[in-house]
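Residue numbers (the working numbering), protein chains in the order written: chain D, 1 to 445; chain H, 1 to 445; chain W, 1 to 445; chain C, 1 to 445.
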Ligand SMILES: [Mn+2]
Ligand SMILES: [Mn+2]
Ligand SMILES: [Mn+2]
Ligand SMILES: [Mn+2]
């Protein structure tokens with residue numbers, strides 16, 4: 001029997017931590033845990049203590065004897081870790097507010113992981129993931145890094161390709177949500193379906209085959225605009241054009257709406273912004289309410305409210321992935337991992353989000369084969385945008401950041417493009433040391 | 001000494017034919033011509049006769065004895081041709097008016113070779129190039145096809161890759177115009193410069209090195225927004241963002257403005273449209289005036305007015321290319337030809353517009369090597385858009401046409417996208433037999 | 001519950017058919033069978049009737065009611081088949097005798113699936129697989145084709161890439177035998193191991209990871225020259241050079257001995273030939289003895305002798321694969337299937353032999369990633385040799401056949417090369433209609 | 001007018017230096033020279049002084065005033081160089097004797113640039129080219145490195161890809177000799193022909209087109225086995241199999257005989273070795289005689305004998321290349337340069353030997369497009385062998401050296417393979433510091 005594991009969660013003060021605890025508790029028989037460390041920073045001290053308290057109460061109410069530690073000392077926590085999960089948010093929700101507000105003020109999409117906001121989030125996050133890996137190399141050189149900090153694909157690409165941590169797997173709840181909805185839509189048992197996902201994080205397509213090898217994709221496309229069609233709750237459901245989907249014969253992901261129905265999505269987002277401010281501001285309120293709940297020392301389960309949020313199932317995917325590695329389960333999951341030819345029109349060392357087999361040997365991607373021509377073009381362009389973004393995040397190269405902005409279809413290519421980039425850089429100055437020279441120059445101007 | 005050649009020009013009634021004649025006359029010593037056939041269709045009968053008359057007068061005023069034939073019988077003309085040039089326009093300027101008007105009415109770019117208009121032009125033109133090649137296979141199986149019918153890149157890709165006419169070379173005046181301007185900007189003798197162009201038609205970049213191997217690209221970038229910076233006269237000169245160009249360290253082509261400064265270009269185009277209608281309507285007037293001039297039996301030279309038009313130097317490039325082949329000159333030209341690895345991020349069998357050596361053996365592209373990441377993404381996306389467009393043009397597949405529209409950055413991805421496509425299909429019904437079933441369905445609805 | 005299936009075996013008169021029956025019997029609960037058709041040709045009539053009798057007795061002795069049909073009418077058999085397995089041998093063992101004898105007489109390797117013999121077998125077999133597929137297209141358009149006729153990789157490539165039967169899976173016993181041996185060598189439970197195979201049929205490498213993700217490859221390499229190291233019984237176990245294997249850190253397949261220890265293998269093969277004639281002649285004797293056994297109407301189980309032959313576990317692999325498809329098992333198997341990027345240094349449409357997940361949707365290959373440089377070179381060269389061989393088999397192009405011969409490392413590049421090719425073509429005239437013109441020319445000379 | 005240049009020749013004591021001088025003298029009008037430095041090592045002191053004396057006499061007899069310096073101080077020489085040419089031989093002819101003798105004793109090919117000998121030469125030479133580049137980076141950071149030290153392709157790949165000296169061009173006389181012979185064979189003016197070379201050093205193919213674009217390749221293939229068919233004098237002219245060449249429709253290079261007619265070439269080489277010892281020993285004698293001639297202070301021209309040696313035209317190619325760069329000539333030459341897609345089945349960063357345009361901007365390779373399948377396989381395998389060899393040369397990795405040996409078709413894959421490698425390593429101990437640990441181990445055993 002294998003030894004029980006030590007789990008470390010960076011950004012442990014997240015409101016989603018109870019989902020993570022619940023996920024571990026229900027998998028404990030396959031995944032015995034020695035201890036759990038919730039790490040946060042000074043600004044998150046109160047939150048990590050509150051949620052750490054709830055976490056401990058959840059374990060205490062379970063049949064299992066697991067100690068939950070909370071700490072602001074990342075290095076202490078990382079020592080001898082087996083699995084490190086990342087769910088931190090550099091600059092907290094206040095930074096997200098800026099990511100969403102500034103583009104919106106110029107009539108662009110203000111969104112957390114797509115468009116200008118997603119790129120800025122990458123700029124802030126990638127240097128931090130580099131620091132975490134530097135610590136891991138020293139303190140837990142054999143640990144797995146399970147990343148679900150957004151933008152999950154770019155952060156995972158930086159971790160594997162640039163910081164060299166091969167044992168990184170990136171996660172997202174979008175494939176999970178689709179794979180929860182589709183068996184119901186098709187009237188099938190989930191275990192009978194065969195999935196083939198290919199793309200990158202928040203920009204992937206998939207096909208589904210049934211227990212007889214029949215391609216269910218055409219049938220599922222017809223359900224795509226339904227309420228329970230598999231799109232995460234936090235994405236506005238503008239109608240996909242059906243003839244487009246029928247032509248490609250692939251199921252898009254929910255985030256494709258930002259690209260395939262761009263103007264409608266933008267109009268809706270701007271209207272929402274004008275009426276209710278940014279999503280992040282709403283999240284802040286929700287979080288406040290959640291932490292009030294968490295303080296209740298009578299509470300020892302995950303509150304129901306958490307399941308209805310856009311981030312639901314992220315933590316569950318992480319637990320599922322960790323169990324599959326630990327227990328060598330060889331199961332299908334959709335994860336961000338090194339391409340290695342799985343999508344043959346992208347480089348071998350790109351990070352892609354694809355159907356993979358998860359075992360003790362890590363994520364083994366399944367070869368998808370050729371994409372139809374339009375999807376190939378979309379994907380190559382988006383990957384190029386990611387590469388420029390990551391490059392800019394690593395080096396603070398302003399020109400490269402501008403190239404990423406101009407290439408991104410959700411940023412209008414205009415004189416405001418550069419202005420939005422500049423305002424965002426200045427607004428996030430505290431978290432963008434790599435851009436400090438340019439930011440000084442912008443502030444001086 | 002090689003034999004004098006027979007040249008056939010499809011779309012011979014074009015107002016640009018005098019430039020073509022002038023080009024041949026000034027190269028006659030290296031490129032002796034036996035006879036020239038100007039071919040047109042019934043609707044172009046009057047024009048081909050007028051311009052054919054001028055063409056004959058131009059030759060008669062030259063030291064050379066060349067007979068110009070005008071005909072509506074393409075097959076008669078093609079018999080034993082050595083070089084076939086194509087400058088036809090399916091549906092004439094009236095079709096172009098629709099290509100420009102309909103998208104404009106929906107707030108999209110209405111342009112001849114980019115965006116929705118360019119795609120529709122491809123839909124109309126590609127089947128006709130297929131018919132011409134079918135005739136050539138029978139009547140002049142060894143002839144070279146020198147294409148400058150727009151969209152020149154897509155038409156050339158269809159000719160080579162789909163209709164199998166390997167001896168096709170595609171031309172455009174955009175590289176010519178840049179290579180005319182840049183020596184002046186750099187204070188250099190044109191023959192001293194070394195050019196490295198890479199991309200596709202109307203979407204290429206280049207680098208320039210001087211006689212010492214010094215990279216002049218950074219210096220020339222600083223001149224790019226100047227009046228005589230190398231952009232064709234017909235493209236509005238919105239300012240390129242300098243930090244973007246400095247970052248990529250490549251000289252964009254004039255048409256890149258539609259992509260890099262998209263909103264400004266669109267705003268300007270829509271304003272122009274509101275004020276003066278479509279470009280095509282202005283062209284129609286200009287053409288009318290030109291043909292009035294051409295009728296003058298005293299005229300036996302190319303009128304000066306022609307040089308100021310957007311299409312200037314197209315014919316000259318064709319003459320230059322034909323001479324280089326005939327006289328085995330091994331000179332540098334920028335042409336559309338089979339990639340074969342010249343741009344390693346595109347397929348070997350894609351048609352690209354690159355620096356090539358032109359000789360009796362045809363166009364030999366020079367290997368450009370890796371593009372920077374953003375440009376790679378742009379190019380792969382645009383090539384995918386071209387592939388979908390060509391596929392739709394060949395098959396009449398409506399879904400594929402829609403995929404091309406949604407992928408094209410100059411078409412807004414919205415419910416109007418499909419409406420614009422539908423209106424354009426119906427408007428061009430006469431020239432789109434491959435789409436007839438869908439058009440009937442649209443008309444019935 | 002799914003319906004019971006109809007299984008058709010082309011080359012049903014093979015001495016291995018009892019293994020196939022045993023395989024189906026032991027899997028019947030997961031794979032219910034309606035009827036089994038054993039198809040053979042006139043020359044195999046007696047054998048198919050003998051083995052068909054044994055087959056029926058085996059089923060009659062089982063708890064299951066399955067009818068075994070024997071027929072010489074392939075089309076009758078194929079009607080409404082669900083799975084077609086191919087184990088035929090064009091020209092029977094007499095053809096194999098020639099494949100082995102003629103190269104041996106010139107001091108070259110005479111082997112069934114490698115070197116000159118394997119190429120000639122491809123020349124004879126590929127046209128026949130084309131005919132079978134032509135019949136299947138008409139008579140059982142939804143059937144799976146499970147090929148284990150050798151050379152299994154090239155025959156599968158012809159079936160999928162050239163004859164267009166996408167639902168083809170190619171099998172071999174070499175990976176099976178390795179995966180039977182290695183758990184014992186490593187002291188592990190078979191289900192705990194994680195395999196990563198990559199290459200082409202009879203020329204693949206693999207890595208093995210244990211239940212903790214530990215790479216067992218280095219440890220298993222040290223066992224490779226042991227008697228039970230995982231090499232099929234029919235391959236002489238010349239010693240692999242250990243420093244070579246340690247450098248590549250991949251487990252080679254048994255057939256790699258012909259390449260990595262070429263001279264020793266050749267010397268041994270020639271000695272065997274001088275002493276005992278060809279393998280095929282020995283097989284003929286063995287087969288004769290087996291069929292004597294099979295005639296015994298008291299026999300209703302697979303005789304033990306069969307398990308010791310080189311072809312053991314081929315049929316078992318076929319049964320395993322068919323069950324995995326039928327029962328949508330999503331299990332790991334090593335099969336020949338379309339590359340699709342799994343081995344990124346080969347074309348997407350090449351057929352490769354790789355770790356795949358087998359389900360109702362067919363074989364989904366797992367992306368292996370980059371091979372080390374030497375193995376990449378070996379593999380690309382061998383795939384090119386296969387491509388030339390297949391091309392020659394399809395067209396009868398003698399020059400292409402010669403290119404394949406000269407490229408194949410097991411054929412000495414010498415004046416005898418061409419002579420051996422010529423003699424083999426003439427010797428197999430009856431089965432090489434595509435080469436008939438060249439053969440007449442050779443015979444006339 | 002550009003400034004006169006400083007030229008530095010590493011290995012200046014070579015017997016070929018007079019050819020280099022002659023080449024510069026006859027090109028002086030286009031390529032004015034300031035000074036020439038002949039650099040050698042202590043062991044070459046006498047030779048460099050003798051040949052330096054002749055060199056100076058040659059210039060003194062010319063109309064040009066050029067000073068020739070001889071030195072053992074490489075760094076002094078490199079200071080402010082414009083062009084550095086490399087023609088050194090690590091270990092001198094004595095090392096080559098070992099390269100040729102040891103494999104021959106085991107019945108393998110003992111040849112200077114192919115097989116075991118070529119690989120060992122790479123092991124000795126690559127570290128030295130690294131040292132030269134280290135000096136150049138400091139002392140002449142803008143200089144061009146014109147390499148014709150063998151194995152020219154691998155040395156050039158190391159220089160560009162591993163040591164990062166982008167301004168390196170590799171040369172060889174094989175293409176030159178072919179391009180001298182073929183116009184005569186075809187009855188054409190050299191300037192009328194269009195060449196398309198593709199491959200790697202000593203392993204390339206080409207096509208030739210005439211002034212009408214007609215493919216002369218088939219016609220020239222028929223002359224390939226003739227005495228003046230374009231093969232360098234030092235390669236035994238075993239007959240190429242004509243049907244092989246007709247099938248590929250490419251002209252092989254002379255060195256392809258070692259691969260396409262392997263056994264005959266090997267038999268001949270071994271016979272030559274038994275009768276006359278190694279080539280290197282003969283060269284030693286020839287060199288001795290040449291240096292006797294060079295000592296003659298009356299001699300002030302290149303002696304005729306030099307032109308008949310295998311290395312003739314190497315120096316001339318170097319002069320031609322340097323002039324083309326200096327004078328920005330934009331001419332066709334066949335050189336080793338970075339692939340960049342020119343041969344699309346090899347990596348972009350591989351060094352290939354291809355038709356290129358040479359100008360002040362360096363070598364711009366022309367895209368060749370797809371090779372036929374067999375040649376693709378040959379080339380990919382040979383490039384992989386080169387990659388392993390270079391890797392071993394850089395790191396002293398014995399396993400990698402062994403992988404290169406086993407992959408090389410000119411080394412028999414046998415137990416002797418490793419023995420030959422071991423003996424060669426020990427024999428060259430003095431020049432293989434990177435392998436010292438392994439060599440000590442071998443010597444101890
Ligand atoms: Mn996500
Ligand atoms: Mn143009
Ligand atoms: Mn096999
Ligand atoms: Mn050479």
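For every residue, glycine included, the Cβ atom is placed at its ideal position computed from N, Cα and C.
Report yes if the CB atom of residue i is closer than 7 Å to the CB atom of residue j, and no otherwise.
i	j	result
residue 404 of chain D	residue 384 of chain H	no
residue 8 of chain C	residue 128 of chain C	no
residue 342 of chain D	residue 365 of chain D	yes
Would you say residue i faces chain C, with C-beta separation under 7 Å as the test?
i	result
residue 114 of chain H	no
residue 76 of chain W	no
residue 484 of chain H	No answer is possible for residue 484 of chain H: the residues shown for chain H start at 1 and end at 445.
Consult DSSP for residue i and reduce its assignment to one of helix, strand or coil.
i	result
residue 18 of chain C	helix
residue 215 of chain H	strand
residue 346 of chain D	coil
residue 364 of chain H	strand
Would you say residue i faces chain W, with C-beta separation under 7 Å as the test?
i	result
residue 381 of chain C	yes
Assign residue i to one of two classes, buried (16 or more other C-beta atoms within 10 Å of its C-beta) or exposed (fewer than that).
i	result
residue 307 of chain D	exposed
residue 11 of chain W	buried
residue 305 of chain C	exposed
residue 95 of chain W	buried
residue 124 of chain D	buried
residue 436 of chain D	exposed
Report yes or no: is there a C-beta of chain H within less than 7 Å of the C-beta of residue i?
i	result
residue 415 of chain C	no
Using a Cβ cut-off of 7 Å (strictly closer), state whether residue i contacts chain D.
i	result
residue 106 of chain H	no
Which residue wins for smallest C-alpha separation from residue i, given the options the options?
i	options	result
residue 347 of chain H	H:381, H:317 and H:267	H:381
residue 448 of chain H	H:432, H:441 and H:409	No answer is possible for residue 448 of chain H: it lies beyond the span of chain H, which begins at 1 and ends at 445.
residue 191 of chain W	D:359, D:442 and D:168	D:359
Within 6 Å: the Cβ of residue i and any heavy atom of ligand 5?
i	result
residue 253 of chain W	Ligand 5 is absent from the structure shown, which contains only ligand 1, ligand 2, ligand 3 and ligand 4.
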